[in-house]
Amino acid sequence: MTICSCEETINEFEMLTRDAARVQLDTLKKILEANAGAEYLRQFGLDGRTDAASYKSCIPLCVHSDVEPFIQRVADGDSAPVVTGKPITSLSLSSGTTQGKPKFLPFNDELLENTLQIFRTSYAFRNREYPISEGKALQFVYGSKQALTPGGILATTATTNLYRSQRYKEGMKDIQSQGCSPDEVIFGPDFNQSLYCHLLCGLIYSDGVHSVFSTFAHSLVHAFQTLEEVWEDLCADIRDGVLSEKITVPSIREAVSKILKPNPELADSIHNKCAGLSNWYGVIPALWPKAKYVYGIMTGSMEPYLKKLRHYAGHLPLISADYGASEGWVGSNIDPTVPPEQVTYAVLPQTGYFEFIPLEKPTGEETENSAAIHYIESEPVGLTEVEVGKIYEVVLTTFAGTFFLLAICSET
């Protein structure tokens, strides 16, 4: 993605957000037109109408359990338009990171394109503050096991649905986010072997790494805690050009061996840098001197990992990744200079139809733990009707169906 195209992306973002009310209505119309034949919508008598008033009056707010029987029919092989107008060819299994219980969710090309749009936008703003040239990203990413439902629908995590997509790979190349590791490492069946090889590949390409990424902050911390334990083995592999015997998965071994060549000079450099660190402080910029930042989801349940991650990152900034869930994306981080603890997100109005349920604290109920408060809910408001300082739950309608996304956000 060139500097020019980054500016174009920022200009497009500013144009769309300035006209967010109209864009939201257009987006809802597109969603309802695309899914007009879906049984879930037809049962409520929407009858092909695409205006917001009809949608709100006909279609009730729902939680995943309301839609689950329809999604299960798809998983069982029902090829009729049940929750979407187009046939669903893959399902995402949510990680349960925030709610604790995994669930099936539809995944389609529109969600993939929304993901790329979110990533392009946040990258454009990051690149304006921390410009990077061509190179690689040290990515600690892992594809989960893929399985077929009884009806023959591919089911895996949302991230795996992305990683296996050629369109996604092309999009990542466009924003200078190609990883160091081959696909065999990403999709390897053994997590520890994949992690070891991510570290090894990152060190092999250390001179060209411009950023460090994992989906969640805890994965980054775990990766560098592992580095503390295996750095001498990694040095030996690089020095001799022979992969450790602990890597036993044939596909991983073959793929990594193709890029591993004897390099005593690099091995000595890595050894000296690691040996010279004080309690591993600043290991990331020490081993990857061209890295500009460390990137990943660092909010919510990930905040406890920030202290340790800052220790590893040294002077490098930590940038919190975009705000979303398996259901869909909510917002993009357009101010990468803000620490993760203070990050806010901008909603891209063309990626879905957003409503916000105002949450009011009961009179006299005071607690620092927002999760323990029993909020009073009122009628949803639109994206352009939210008020600064209030707390909302997000209601998200996407091109892959209608879901009530239980994500509490504070508008500040």
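If you're matching positions, the sequence shown starts at 1 in full-length UniProt numbering and goes up one per residue. No residue lacks a Cβ here, since even glycine has one placed at the ideal position from N, Cα and C. In this text the structure is predicted, and so the values were computed from the model without any measurement.
With a CB to CB cut of under 6 Å and the five nearest residues on each side skipped, what residues in its chain are close to S144? For the purposes of this step, residue 144 is taken as the residue at position 144 of the sequence shown. Listed in chain order, the non-local C-beta contacts of S144 below 6 Å within the same chain comprise T156, T157, T160, local neighbours out to five positions each way being set aside.
Which residue marks the beginning of the beta strand (DSSP E) containing Y392, and which one marks its end? As a first step, residue 392 is located in the sequence shown; it is residue number 392 there, counting from the start. In this chain, the beta strand (DSSP E) harbouring Y392 covers 391-398.
For C63, which three-state DSSP category applies? As a first step, residue 63 is located in the sequence shown; it is residue number 63 there, counting from the start. The sequence shown places Val at residue 63, not Cys. For V63, the secondary structure class from DSSP, reduced to helix, strand or coil, is coil.
Contact between the segment 198-216 and the segment 126-138 (3+ Cβ pairs under 8 Å): By the Cβ test, the segment 198-216 is in contact with the segment 126-138, since at least three Cβ pairs between them sit closer than 8 Å.
Measure how close the beta-carbons of L111 and T398 come, nearest whole angstrom, since I'm counting them as under 8 Å. Here residue 111 refers to the residue found at position 111 when the sequence shown is read from its first residue. Here residue 398 refers to the residue found at position 398 when the sequence shown is read from its first residue. Right, the Cβ-Cβ distance comes to about 7 Å (below 8 Å), so this counts as a contact.
Nonlocal neighbours in the same chain, by C-beta distance under 8 Å from S54, ignoring five residues either side: Taking the sequence shown and counting its residues from 1, the one referred to as residue 54 is at position 54. Excluding positions up to five away in sequence, the list reads L46.
Using the rule of at least 16 other Cβ atoms within 10 Å of the residue's Cβ for burial, across every protein chain shown, is N192 buried or exposed? The sequence position of residue 192 within the sequence shown is 192, counting from 1. Around the C-beta of N192, fewer than 16 other C-beta atoms lie within 10 Å, and the residue is accordingly described as exposed.
Backbone secondary structure at E265 - three-state DSSP: Numbered from its first residue, the sequence shown carries residue 265 at position 265. Assignment of E265 by DSSP, reduced to helix, strand and coil, places it in the helix class.
Going by the beta-carbon positions, is the gap between L28 and T50 smaller than 8 Å? If you number the sequence shown from 1, residue 28 lands on position 28. If you number the sequence shown from 1, residue 50 lands on position 50. Yes, they are a contact pair.
Which same chain residues end up closer than 7 Å to E228 when comparing Cβ atoms and leaving out the 5 residues on each side of it in sequence? Numbered from 1 along the sequence shown, position 228 holds the residue referred to as residue 228. Excluding positions up to five away in sequence, the list reads W280.
Using the rule of at least 16 other Cβ atoms within 10 Å of the residue's Cβ for burial, across every protein chain shown, is T248 buried or exposed? In the sequence shown, counting from the first residue as 1, residue 248 sits at position 248. T248 should be labelled exposed.
So the alpha helix (DSSP H) Y123 belongs to, where does it begin and stop? Within the sequence shown, numbered from 1, the residue matching residue 123 stands at position 123. Unbroken alpha helix (DSSP H) run through Y123: 109-129.
Cβ-heavy atom distance between L359 and the ligand ATP below 7 Å? This structure lacks the ligand ATP, and indeed carries no ligand of any kind.
Expressed to the nearest angstrom, what Euclidean distance is found between the alpha-carbon atoms of G296 and H218? In the sequence shown, residue 296 corresponds to position 296, counting from 1. In the sequence shown, residue 218 corresponds to position 218, counting from 1. A straight-line Cα-Cα distance of about 9 Å links G296 and H218.
With a threshold of 16 other CB atoms inside 10 Å of the CB of E134, please say whether the residue is buried or exposed. By one-based count along the sequence shown, residue 134 stands at place 134. When all chains shown are included, E134 counts as exposed.
Three or more C-beta pairs closer than 8 Å, one from the segment 376-384 and one from the segment 329-344: is that the case here? Counting C-beta pairs with one atom in each stretch, the segment 376-384 and the segment 329-344 have fewer than three that are closer than 8 Å, which means they do not touch.
Tell me whether the beta-carbon of L318 lies closer than 8 Å to the beta-carbon of P340. If you number the sequence shown from 1, residue 318 lands on position 318. If you number the sequence shown from 1, residue 340 lands on position 340. Contact check for L318 against P340 passes: the beta carbons are separated by less than 8 Å.
Secondary structure at W280, three-state DSSP: helix, strand or coil? In the sequence shown, counting from the first residue as 1, residue 280 sits at position 280. In the structure shown, W280 falls within a coil segment according to DSSP collapsed to helix, strand and coil.
Rounded to whole angstroms, what's the CA-CA distance from G85 to C201? Just pull it up for me. Counting from one through the sequence shown, the residue named residue 85 turns up at place 85. Counting from one through the sequence shown, the residue named residue 201 turns up at place 201. G85 and C201 have their C-alpha atoms some 43 Å from each other.
F187 by DSSP, collapsed to three states: which one? Along the sequence shown, read from residue 1 onward, the residue named residue 187 stands at position 187. DSSP places F187 in coil when its eight states are reduced to three.
So who's on the other strand from A325, going by DSSP bridges? Within the sequence shown, residue 325 is the residue found at index 325, counting from 1. BP columns for A325 point to G328.
Tell me, to the nearest whole angstrom, how far the beta carbon of Y205 is from that of C180; I am working on the premise that it is less than 8 Å. The residue given as residue 205 occupies position 205 in the sequence shown. The residue given as residue 180 occupies position 180 in the sequence shown. Contact check for Y205 and C180: beta-carbon distance about 5 Å, within the 8 Å limit, so the pair qualifies.
State the Cα-Cα distance for the pair I376 and E360, rounded to the nearest angstrom. Residue mapping note: residue 376 aligns to position 376 of the sequence shown, counting from 1. Residue mapping note: residue 360 aligns to position 360 of the sequence shown, counting from 1. Taken atom to atom, the span from the alpha-carbon of I376 to that of E360 is near 5 Å.
Report all residues from its chain with a CB closer than 8 Å to the CB of L199; omit the five preceding and five following residues, and keep chain order. Here residue 199 corresponds to residue number 199 of the sequence shown, with the count starting at 1. A223, T226, L227, V230, L234, listed in sequence order.
CB contact flag (I238, C197, <8 Å): One-based indexing of the sequence shown puts residue 238 at position 238. One-based indexing of the sequence shown puts residue 197 at position 197. The answer is no: Cβ separation not under 8 Å.
Three-state secondary structure (DSSP) at Y345? To locate residue 345, count along the sequence shown from 1; it is residue 345. Assignment of Y345 by DSSP, reduced to helix, strand and coil, places it in the coil class.
Apart from the five residues just before and just after A38, which ones in its own chain have a Cβ nearer than 7 Å to its Cβ? The residue you call residue 38 lines up with position 38 of the sequence shown. Within the same chain, A38 has close Cβ partners P81, V82, V83, T84, G85.
For the beta strand (DSSP E) that contains A296, what are its first and last residues? Within the sequence shown, numbered from 1, the residue matching residue 296 stands at position 296. Per the sequence shown, the amino acid found at residue 296 is Gly instead of Ala. 293-297 is the extent of the beta strand (DSSP E) around G296.
Near T9, which residues of its chain fall below 7 Å by C-beta distance, leaving aside the five closest residues on each side in sequence? Counting from one through the sequence shown, the residue named residue 9 turns up at place 9. Once the five neighbours on either side are set aside, the close Cβ partners of T9 are R120, T121, A124.
State the Cα-Cα distance for the pair I71 and Y168, rounded to the nearest angstrom. By one-based count along the sequence shown, residue 71 stands at place 71. By one-based count along the sequence shown, residue 168 stands at place 168. Distance between the alpha carbons of I71 and Y168: 25 Å.
What do you get for D322, buried or exposed, if any count of 16 or more other CB atoms within 10 angstroms of its CB means buried? Start at 1 with the first residue of the sequence shown, and residue 322 comes out as number 322. With 16 or more other Cβ atoms within 10 Å, it is buried.
Confirm, please, whether the CB-CB distance from L195 to I270 is below 8 Å. By one-based count along the sequence shown, residue 270 stands at place 270. By one-based count along the sequence shown, residue 195 stands at place 195. For I270 and L195, no; Cβs fall outside 8 Å.
To the nearest angstrom, how far is it from the Cα of Q178 to the Cα of E254? Locating residue 178 in the sequence shown gives position 178, where the first residue counts as 1. Locating residue 254 in the sequence shown gives position 254, where the first residue counts as 1. Using only the alpha carbons, I get a separation of about 20 Å.
Put T97 into one of helix, strand or coil per three-state DSSP. Residue mapping note: residue 97 aligns to position 97 of the sequence shown, counting from 1. Its pLDDT being 49, under 50, T97 is placed unreliably in this model, and the value from its coordinates should be taken loosely. Three-state result, T97: coil.
Sort F140, G48, F44 by Cα distance to L61 and report the nearest one. Position 61 of the sequence shown, counted from the first residue, corresponds to residue 61. Cα-wise, what sits closest to L61 is F44.
Short of 8 Å in beta carbon distance, which residues of its chain neighbour E33, apart from the five on each side in sequence? Order them along the chain. In the sequence shown, counting from the first residue as 1, residue 33 sits at position 33. Excluding residues within five positions, the ones whose Cβ falls inside 8 Å are T50.
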